[in-house]
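Here is the structure we will look at.
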Amino acid sequence: MLTISMPGAGYIGGPLGGAMLSVSGLLSGKAFCGSPAERLRYSREPRPVVVWNLTRSCALRCLHCYNDSRDRTFEGELAAEEAASVIDGLSAFGVPAIIFSGGDPLTRADIFYLAEYAGAKGIRTVLSTSGVLIDGPAARKIKEAGFSYAGVSIDGNEETNDRLRGSKGSFKKALDGIRRLKEQGIPTGIRLTLSRGNIGELPFIFDLIENEGLERGYFAHLVYSGRGNAFSREDLGYAETRAALDYIFERAAGFIEKGARKEIVTGSNDADGAYLYLKVKESDPERAEAMRRLLFGRGGNTAGVNIACIDNLGMVHADQFWQGHPLGSVRERPFGEIWKGPEPLLNALRDRKAFIKGRCSWCSFFDICGGNSRARAASAYGDFWAEDPACYLTDEEIGIRLGK
Ligand code: SF4
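Just remember that my numbering sits 21 ahead of the position in the sequence shown, which is counted from 1.
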């Protein structure tokens, strides 16, 4: 049974990713840190965090890469000056944060200039990287560019990581990169995508977070996009998902109990919030209710509302996993104009309860889950309003009557 310490102990706060769920924040009763960026995101006129896949170039070839990135150059990617003018538009619209992602954004020499430029305009910048290109000078430049956080992808121990990431030696290089980031005093964490090939590695990853003094662990569920489509055969079954989450929750609670300033988040499966609520309810219904209120305020999956994506060619999408429905090009119109325009898909996503079908539409947790991933529904059923196939909660748990 999940045991939880006093609220607030050890939680560092500050989650940013739109599809992330801060397990540490919920367990400690501080799901939202109340920073200006968070207040802006959850205001009446929310401004999204932008995941910017600045490039599809990457030294690695991960089996589950949602962006189908690889070790080559891609024609037509935004040049530095074009990207700077996109940042002007993001700033004018009031975007609170940019997560520079890829591919590996560190394959671009202008990444430091762009991050510094965004930071000078008051936009919080986050780096999502393979970590394998972070030598000493790169770590110094990351620091000087003002990144507030760096997330490095590690998918297991050396053997498992190198197999899943398609590159021998990538574990050692990424770990060296993490240590260089830490030497520079940059808040750093590990990002892992859950699959059958690495759930046995969770204890190793949590120990790594602890032993390396990292600030965050991000455990992402698989989304069936890019190479993740073919890799979906390696996705966890429902029982495996629950077992993995039980372990993640226990270790997150353990960090809180020890007063360790670490944030544990899960991503890309908003049913996790409901599952955590149900677990806590078994032992502490009052705490669970407080948690439910926090989850309600968060609102579940917010693709197209609190999260946006710009791809390497400048096309805007509802989120980074769902790139089959481009909304417009930042080469032609400022981001804010695209985001506030009369786009039917965005309007529908902002009123998604009226459109989502199947068991999600009957679910008692809809308001805290939001129907989960539309990208996964589209991939599994060819219908992006279908129920999410990765929901591992039972009909009884979600409060639907059989035969309805
Ligand atoms: S049934 Fe749908 S809305 Fe309910 S928890 Fe599962 S994924 Fe979320």
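Beta carbons: idealized from backbone N, C-alpha and C, even for Gly.
Asked, Found
"So is N368 buried or exposed if we call it buried at 16+ other beta carbons inside 10 Å?", "exposed"
"What do you reckon, are the CB atoms on D176 and L148 nearer than 8 Å?", "no"
"Using 7 Å as the cut-off, classify the Cβ of F342 as near or not near the heavy atoms of the ligand SF4, replying yes or no.", "no"
"May I ask you to check if the CB of A295 is nearer than 7 Å to at least one heavy atom of the ligand SF4?", "yes"
"Does the ligand SF4 have even one heavy atom less than 7 Å from the beta-carbon of F252?", "no"
"In this structure, how does DSSP classify V70 when only helix, strand and coil are distinguished?", "strand"
"Out of P69, G50 and F240, point me to the one whose CA is closest to R371's CA.", "P69"
"Would you say the beta carbon of G380 is closer than 7 Å to some non-hydrogen atom of the ligand SF4?", "Checking the sequence, you will find Arg at residue 380 rather than Gly. Checking every heavy atom of the ligand SF4 against the Cβ of R380, one is found closer than 7 Å."
"Please report the distance separating the alpha-carbon of D183 from that of E222.", "13 Å"
"Do the region 225-239 and the region 295-314 meet, that is, are 3 or more Cβ pairs less than 8 Å apart?", "no"
"Quick check on G247: does DSSP put it in helix, strand or coil?", "helix"
"T214 by DSSP, collapsed to three states: which one?", "strand"
"In chain order, what residues of the same chain have a beta carbon less than 8 Å from the beta carbon of A399, not counting five sequence neighbours either side?", "W343, G345, F405 and A407"
"Should the region 153-163 be called in touch with the region 182-201, which here means at least 3 C-beta pairs below 8 Å?", "yes"
"Is the beta carbon of N327 closer than 8 Å to that of N74?", "no"
"May I ask which residues mark the beginning and end of the beta strand (DSSP E) holding T150?", "R145 to T150"
"What are the boundary residues of the beta strand (DSSP E) that G187 is part of?", "Counting along the chain, G187 falls outside any beta strand (DSSP E), and DSSP gives it neither H nor E."
"Determine which residues share a DSSP beta bridge with M41 and list them.", "G288"
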